[in-house]
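Here's the structure we're looking at; comments come further down.
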Amino acid sequence: MSHIIVLGAGLGGTIMAYELRDRLGLEHKISVINKGGTYSFVPSNPWVAVGWRDREDVEIDLAPVFAKRHIGFYPQGAKRVDPQAKRIELLDETTLDYDYLVIATGPELAFDEIEGFGPQQQTQSVCFVDHAVSAKSAFDRLLANPGPVVIGAVQGASCFGPAYEFAFILDKALRDAKIRDRVPMTFVTSEPYIGHLGLDGVGDTKGLLESEMRQHHIKWVCNAKVEKFADGKVYAAEMGDDGTAVRQHEIPFSYAMMLPAFRGVAAVRGIEGLTNPRGFILADKYQRNPTFPEVFSIGVCVAIPPVGKTPVPVGVPKTGFMIESMVTATAHNIANLVAGKQPQAEATWNAICLADFGDGGVAFVAQPQIPPRNVNWAASGKWVHTAKVGFEKYFLHKIRSGTSEPFYEKLALQVLGIDKLKAIKLDKTE
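When we follow our numbering, the leftmost residue of the sequence shown carries the number 1167, and every step to the right adds one.
Next comes the structure, spelled out in structure tokens:
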């Protein structure tokens, strides 16, 4: 019997545990370690931040679901991974040994890298549901006392979609409250152009998003390197193509929501051979660590180099479907190893994104996510908002039911020609 531990119970980790159970059966032990016993659907956080969802609407108690699937659960969280000993120390000082480990922790948020940044300082966040709840209180204060708003993402950020989503969702919420005319909005981003998204654009995201910004009266500053948040202002240098400052900005705000740069979590950061200098997990094409072959990684914690050189550091997003393709590849490869075979499955890293704008939105498909691509498509319309609401309900149902991929999801993806895995050449003996 092998013991496989999944470290982290977010979007990737929870589905990872379900898919491992499906592939390995009950003869192998599967455990999940997480800080806390609740799954939270992060894509709904912008809605929580304006009161369109309550916290309870987007959270699920994982203990009964894992119990039903015969998955061990340790909600005390991990203190430190020891890949040499194949052991994890938990925050309550107990330890767990593993045969295989899947790291799915997500990121640590690097608010401390900029003065005055973060929910404990002068800005809001929608990265965690706790932050979104706090942002809702700040939104209520904005409704009572309207003033300028700044939305965006700082240097080193790699998740830009939620910043665009929140800018337009906030715009819709302010229009509904009949005070949009008293709230000037500025989008401040480290991207070299609107719609770059850390991916050098997908389809015509540049044109689509610039058009949406103009229609919604949102000004923007690109190539922005934020220096500090102080006295109700964001201080940022706008950088030229040569990396030197061409303009200084002091933009006042009554409300600011800026996404931070990410880094690896403390439990893994600084382990030689396991992580890069930012603490992200090094992985080969099979999602496997080259130094510690028992360790796999999926999701935001995986080290991915940026897409080309930009004047201000811009990271690469790891989107929902891209993570799910990593999950499926990892499940295949661990199943092979348990059976005495070699890993063969490679994730496609295809990306499907629905960016909700409150009463519309932008959707894109990138196959693969990193260019050059076989499919490079983007479109906008009111249907995107409806689709995002439907996806939220569907994905929460998947988590509640303990299902990794229902048959109808597989069928829909096949019809659309969207694969999770690259074609595998199987041995004749298999």
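In this text, a Cβ means the ideal position worked out from N, Cα and C, and glycines have one as well.
Does DSSP put residue i in a helix, in a strand, or in coil?
i            : result
residue 1185 : helix
residue 1539 : coil
residue 1519 : strand
residue 1552 : helix
residue 1262 : strand
residue 1216 : coil
residue 1488 : helix
residue 1363 : coil
residue 1144 : Here the chain comprises residues numbered 1167 to 1596, so residue 1144 is not present and cannot be evaluated.
residue 1587 : strand
residue 1171 : strand
residue 1447 : strand
residue 1399 : strand
residue 1382 : coil
residue 1179 : helix
residue 1481 : coil
residue 1225 : strand
residue 1346 : helix
residue 1236 : coil
residue 1300 : helix
Do residue j and residue i count as a contact pair if the criterion is CB distance below 9 angstroms?
i            : j            : result
residue 1451 : residue 1465 : no
residue 1228 : residue 1242 : no
residue 1268 : residue 1172 : yes
residue 1562 : residue 1207 : yes
residue 1178 : residue 1490 : yes
residue 1151 : residue 1314 : This structure cannot settle anything about residue 1151, because the visible part of the chain is limited to 1167 through 1596.
residue 1345 : residue 1312 : yes
residue 1398 : residue 1376 : no
residue 1417 : residue 1316 : yes
State buried or exposed for residue i, treating a residue as buried only when at least 16 other CB atoms are found within 10 Å of its CB.
i            : result
residue 1574 : Reliability of the predicted coordinates at residue 1574 is poor, the pLDDT of 43 falling under 50, and no value is obtained from them.
residue 1329 : buried
residue 1285 : buried
residue 1567 : exposed
residue 1543 : exposed
residue 1429 : buried
residue 1380 : exposed
residue 1535 : buried
residue 1413 : exposed
residue 1471 : exposed
residue 1427 : buried
Please list, in chain order, all residues of the same chain as residue i whose beta carbon is under 6 angstroms from its beta carbon, the five residues on each side excluded.
i            : result
residue 1169 : 1195, 1264, 1265
residue 1191 : none
residue 1318 : 1329, 1353, 1354, 1355, 1424
By alpha-carbon positions, which one of the options ends up nearest to residue i?
i            : options                : result
residue 1181 : 1587, 1564, 1286       : 1564
residue 1302 : 1313, 1457, 1290       : 1290
residue 1355 : 1486, 1391, 1551, 1473 : 1391
residue 1401 : 1498, 1513, 1321, 1539 : 1321
residue 1432 : 1188, 1185, 1176, 1201 : 1201
residue 1351 : 1422, 1362, 1298, 1406 : 1422
residue 1251 : 1461, 1513, 1235       : 1461
residue 1533 : 1369, 1217, 1209       : 1369
residue 1189 : 1319, 1261, 1496, 1292 : 1496
residue 1226 : 1176, 1215, 1216       : 1176
residue 1458 : 1471, 1437, 1470       : 1437
residue 1552 : 1522, 1569, 1545, 1541 : 1522
residue 1382 : 1398, 1388, 1331, 1399 : 1331
residue 1340 : 1371, 1359, 1373, 1306 : 1306
residue 1293 : 1324, 1441, 1559       : 1324
Who are the near neighbours of residue i in its chain, counting only those whose CB is closer than 8 angstroms to its CB and skipping five residues on each side?
i            : result
residue 1537 : 1365, 1366, 1473
residue 1396 : 1281, 1282, 1288
residue 1454 : 1461, 1462, 1499, 1509
residue 1220 : 1214
residue 1236 : 1187, 1192, 1196
Using C-beta distances below 7 angstroms, list every residue in its chain close to residue i, excluding the 5 sequence neighbours before and after it, in chain order.
i            : result
residue 1519 : 1327, 1485, 1529, 1530
residue 1557 : 1520
residue 1444 : 1429, 1430
residue 1539 : 1532, 1533
Does the CB of residue i have a neighbour CB from chain D at under 9 angstroms?
i            : result
residue 1345 : Given the protein chain composition of this structure (a single chain), no chain D is represented.
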